[in-house]
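Numbering (this note's numbering), first residue to last: 64 to 542. Beta carbons are placed, not taken as given, at the ideal position from N, Cα and C, and that holds for glycine.
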């Protein structure tokens with residue numbers, strides 16, 4: 064078996080076919096794979112080949128928007144209702160990601176999110192597990208067997224240290240998947256989306272449209288109110304969202320909460336739940352019973368933008384935060400009474416600034432970090448960048464430094480900690496005494512800036528010496 068390195072999609076000098084343009088940043092040209100074997104008596108099978116395309120993952124933050132109909136041209140011919148729904152849904156997702164700072168710039172080789180058009184890629188070949196976050200968009204059809212298989216595998220592929228985030232919207236899914244058989248697979252709705260369809264299947268059984276009606280945030284954008292609106296695109300379906308109840312059984316993983324509720328007075332049912340927000344040990348799943356295209360946009364941070372910001376907040380608060388800056392190195396070095404803090408990023412997407420934080424290490428107490436400096440970030444970068452900050456005029460002692468990366472949307476990620484010792488030549492700092500409580504022996508932590516000969520005394524509360532160690536050689540380090 065051999066391996067080959069593919070050039071990145073986009074800027075490769077080929078024209079992306081029209082039916083693939085929704086994936087233009089990620090889809091490769093066609094390649095022919097050819098295998099030759101030694102000649103034998105039957106020559107027709109000595110050379111075999113296959114023509115393939117590759118989907119090239121490029122997102123700097125391992126984020127994917129996957130959709131049906133991402134390459135549909137709505138202004139060519141007469142699109143079907145499914146095509147209208149699919150294209151408007153994925154456009155709503157990608158437009159919103161761009162608005163909140165996850166912008167794609169192919170010319171600058173900066174790709175914040177990848178796009179996969181499931182209508183134009185072999186569905187049996189898809190593996191979402193390389194992504195940290197997946198936004199799922201669709202048309203009016205039920206989930207296929209392969210889609211359900213892939214989503215199950217994706218959610219299960221997370222770990223406690225690297226959770227998977229799934230945001231999936233589909234107003235028809237709960238009422239389309241009713242029945243515990245292979246085709247209907249209601250178990251998927253229950254176990255992954257954590258809901259059950261409840262009759263009559265929508266909150267407006269008489270009106271049959273939720274146009275110009277409201278829903279209120281619960282686990283997502285708590286207490287904010289969104290208004291649903293028809294798109295107005297000729298031939299598009301009405302907003303007819305799902306009506307569900309939360310599902311749980313003894314095998315259910317994590318805690319499931321209501322995502323949104325239909326507002327009393329706008330709904331025509333007793334039940335009010337629109338979707339779910341579930342946090343487990345290895346994944347976060349947000350299911351919305353409203354298609355992405357139906358949230359009314361009335362200004363900054365409203366409509367789909369507010370919904371997706373709320374989803375990111377839910378992911379962040381449940382251990383699934385995005386990495387806006389890929390930190391490759393972080394260090395701090397003493398320079399006299401100053402400390403030089405240095406770090407490097409391999410790439411950046413949507414980062415706003417870096418906070419340099421310092422803690423004074425005191426014996427017997429936890430370190431409390433405080434921000435001592437702020438450095439603006441590049442924001443968007445696909446190349447390696449070096450940063451530095453100088454912390455001036457420190458007293459002798461031991462300090463911890465760490466770096467907090469702050470996103471444009473307010474999310475934060477924290478680096479590892481680095482210890483620095485400040486002091487004149489021969490300066491010693493006494494740290495922790497352990498164990499506590501002690502029996503017959505105890506250890507004293509001493510930090511030195513250079514090699515010294517030392518005398519160690521232990522004196523009781525009355526001033527009497529109880530122990531003495533003379534001419535002890537201590538090397539520069541923590542002892």
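Check this for me: beta carbons of residue i and residue j, under 8 angstroms apart or not?
{"i": "residue 377", "j": "residue 347", "result": "yes"}
{"i": "residue 204", "j": "residue 145", "result": "yes"}
{"i": "residue 133", "j": "residue 180", "result": "yes"}
{"i": "residue 266", "j": "residue 332", "result": "yes"}
{"i": "residue 373", "j": "residue 231", "result": "no"}
{"i": "residue 234", "j": "residue 241", "result": "no"}
{"i": "residue 196", "j": "residue 152", "result": "no"}
{"i": "residue 202", "j": "residue 149", "result": "yes"}
{"i": "residue 129", "j": "residue 199", "result": "yes"}
{"i": "residue 366", "j": "residue 375", "result": "no"}
{"i": "residue 391", "j": "residue 408", "result": "yes"}
{"i": "residue 291", "j": "residue 279", "result": "no"}
{"i": "residue 442", "j": "residue 459", "result": "no"}
{"i": "residue 91", "j": "residue 116", "result": "yes"}
{"i": "residue 462", "j": "residue 423", "result": "yes"}
{"i": "residue 362", "j": "residue 344", "result": "no"}
How would you write the range of the alpha helix (DSSP H) that residue i sits in, first residue to last?
{"i": "residue 320", "result": "Looking at the DSSP string, residue 320 is not in any alpha helix (DSSP H); the run it does join, the beta strand (DSSP E), is 318–321."}
{"i": "residue 96", "result": "That residue, residue 96, is in no alpha helix (DSSP H); its beta strand (DSSP E) goes 94–99."}
{"i": "residue 236", "result": "236–239"}
{"i": "residue 250", "result": "249–254"}
Give the DSSP-derived three-state secondary structure of residue i in the structure shown.
{"i": "residue 426", "result": "Legend: pLDDT at residue 426 = 46, less than 50; position of this residue unreliable, value from coordinates given subsequently. Residue 426: coil per DSSP, three-state reduction."}
{"i": "residue 222", "result": "coil"}
{"i": "residue 508", "result": "strand"}
{"i": "residue 202", "result": "coil"}
{"i": "residue 120", "result": "coil"}
{"i": "residue 213", "result": "helix"}
{"i": "residue 388", "result": "strand"}
{"i": "residue 171", "result": "helix"}
{"i": "residue 532", "result": "strand"}
{"i": "residue 193", "result": "helix"}
{"i": "residue 186", "result": "helix"}
{"i": "residue 337", "result": "coil"}
{"i": "residue 82", "result": "helix"}
{"i": "residue 292", "result": "coil"}
For residue i, is the classification buried or exposed, using 16 other Cβ atoms within 10 angstroms of its Cβ as the cut-off for buried?
{"i": "residue 98", "result": "exposed"}
{"i": "residue 420", "result": "buried"}
{"i": "residue 306", "result": "buried"}
{"i": "residue 82", "result": "exposed"}
{"i": "residue 77", "result": "exposed"}
{"i": "residue 356", "result": "buried"}
{"i": "residue 142", "result": "buried"}
{"i": "residue 95", "result": "exposed"}
{"i": "residue 113", "result": "exposed"}
{"i": "residue 350", "result": "buried"}
{"i": "residue 440", "result": "buried"}
{"i": "residue 418", "result": "buried"}
{"i": "residue 530", "result": "exposed"}
{"i": "residue 381", "result": "buried"}
{"i": "residue 496", "result": "exposed"}
{"i": "residue 498", "result": "exposed"}
{"i": "residue 223", "result": "exposed"}
{"i": "residue 102", "result": "exposed"}
Would you mind reading off the limits of the beta strand (DSSP E) that contains residue i?
{"i": "residue 544", "result": "What is shown of the chain runs 64 to 542, which leaves residue 544 out entirely."}
{"i": "residue 155", "result": "Careful: residue 155 lies outside any beta strand (DSSP E), inside the alpha helix (DSSP H) at 144–162."}
{"i": "residue 436", "result": "433–439"}
{"i": "residue 367", "result": "Where residue 367 is concerned, there is no enclosing beta strand (DSSP E), although the alpha helix (DSSP H) it sits in stretches over 366–380."}
{"i": "residue 179", "result": "177–180"}
{"i": "residue 309", "result": "307–309"}
{"i": "residue 89", "result": "Counting along the chain, residue 89 falls outside any beta strand (DSSP E), and DSSP gives it neither H nor E."}
{"i": "residue 282", "result": "It is not in any beta strand (DSSP E) - residue 282 carries neither H nor E in the DSSP assignment."}
Can you tell me whether residue i sits near the ligand SAM, meaning its C-beta is under 7 angstroms from at least one heavy atom of the ligand?
{"i": "residue 120", "result": "The ligand SAM is absent from the structure shown, which contains no ligands of any kind."}
Could you tell me whether the stretch 253–265 touches the stretch 298–314, using the rule of 3 or more Cβ pairs below 8 angstroms?
Counting C-beta pairs closer than 8 angstroms gives three or more between the stretch 253–265 and the stretch 298–314, which meets the contact rule.
How about the stretch 184–193 and the stretch 394–402: do they share at least three Cβ pairs that are nearer than 8 angstroms?
The stretch 184–193 vs the stretch 394–402: no contact.
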